[in-house]
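Counting from 1 along the sequence shown, just add 30 to a position and that's the residue number in my numbering.
Built from N, CA and C at the ideal position, the CB exists for glycine as well.
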Amino acid sequence: VVGAEALLRWNSAELGPVSPARFIPVAEDSGFIVPLGAWVLREACRQAQTWRETGLSDLGVSVNLSALQFRRDNLVDTVTQALRDSGLPPQLLELELTESILLQNVEITLATVQHLKSMGVRLAIDDFGTGYSSLSYLKHLPLAELKIDKSFVDGLGQDREDEAIARAVLALALALELRTVAEGVETRRQLDWLEAMGCNMVQGYYFFRPLEADQFRQLLAEHAGA
Numbered sequence: 031v032v033g034a035e036a037l038l039r040w041n042s043a044e045l046g047p048v049s050p051a052r053f054i055p056v057a058e059d060s061g062f063i064v065p066l067g068a069w070v071l072r073e074a075c076r077q078a079q080t081w082r083e084t085g086l087s088d089l090g091v092s093v094n095l096s097a098l099q100f101r102r103d104n105l106v107d108t109v110t111q112a113l114r115d116s117g118l119p120p121q122l123l124e125l126e127l128t129e130s131i132l133l134q135n136v137e138i139t140l141a142t143v144q145h146l147k148s149m150g151v152r153l154a155i156d157d158f159g160t161g162y163s164s165l166s167y168l169k170h171l172p173l174a175e176l177k178i179d180k181s182f183v184d185g186l187g188q189d190r191e192d193e194a195i196a197r198a199v200l201a202l203a204l205a206l207e208l209r210t211v212a213e214g215v216e217t218r219r220q221l222d223w224l225e226a227m228g229c230n231m232v233q234g235y236y237f238f239r240p241l242e243a244d245q246f247r248q249l250l251a252e253h254a255g256a
């Protein structure tokens, strides 16, 4: 285990478990995603630092960013405050950007991303290959990682088109000296294919389903003692 991705879950007293696919679009449309995203960032940094302080190994934590956070929030200040309040080293925080973010206010986005990079924060492109933006941004942005979308991982080992796309992403990342993470790995077949192709890291239900913080801490403790 080398890292974790922060995920939102809503257990409503009135509605029961509410899927992120249902409440995230509402948060985006209403603008509530901005304060919600800031809260997630603070909590993720705080939790990662708590694991460090309890003697567990340094683990990176990834947080997804909304395009609305780039437009309406002073993102650099929000990240700076979250790191300062938690005490988490910047290099243990990774921010995941979607290609849609990179299409909006390119100059402002580039300046923000470069500022975050100068702080030591790691940056990744999430769901790579699902957007429609030009690949030219890859040479301008100080990225560390590309994440291969689950939609391309699903068919690995049996679908030639999915394999061709995944192979192309891996080759591109290698040429640009970027790490690769495959999302949504659920079978041994997918894992074997990715391993053979040189993918650096994987995540998905094949290993673990989403865990609450205490459950994840127990998992880390067990691995540390193995």
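Three or more Cβ pairs drawn from the stretch 238-251 and the stretch 31-40 lie within less than 8 Å of each other, which places the two stretches in contact. The stretch 58-75 makes no contact with the stretch 127-145: fewer than 3 CB pairs, one atom from each, lie closer than 8 Å. Cβ contact annotation for Ser49 (same chain, cutoff 6 Å, sequence separation greater than five): none. In chain order, Phe100, Leu105, Val106 place their CB closer than 7 Å to the CB of Thr142, counting only its own chain and leaving out the 5 sequence neighbours on each side. Look at Val143 here: in three-state DSSP terms it is helix.
Around the beta carbon of Val91, a 10 Å sphere encloses 16 or more other beta carbons of the protein chains shown; the residue is thus reported as buried. Contact between the stretch 189-202 and the stretch 231-243 is absent, with fewer than three C-beta pairs closer than 8 Å. Short of 7 Å from the beta carbon of Ala174, and not among the five residues preceding or following it, lie these beta carbons of its own chain, in chain order: Arg152, Leu153, Ala154, Leu208, Arg209. Under the three-state reduction of DSSP output, Asp157 falls in the strand class.
For Trp40, DSSP records a beta bridge to Val48. The alpha-carbon separation between Glu242 and Asn41 amounts to approximately 12 Å. The Cβ neighbour count for Ser116, taken over all protein chains shown within 10 Å, is at least 16; the residue is labelled buried. With 16 or more other CB atoms across the displayed protein chains lying within 10 angstroms of its CB, Trp223 is buried. At a Cβ-Cβ threshold of 7 Å, Asp179 and Asp157 count as neighbours.
Rounded to whole angstroms, the gap between the alpha carbons of Arg218 and Arg102 is 42 Å. If you keep only unbroken beta strand (DSSP E) runs of at least 3 residues inside the stretch 168-203, you get 175-178.
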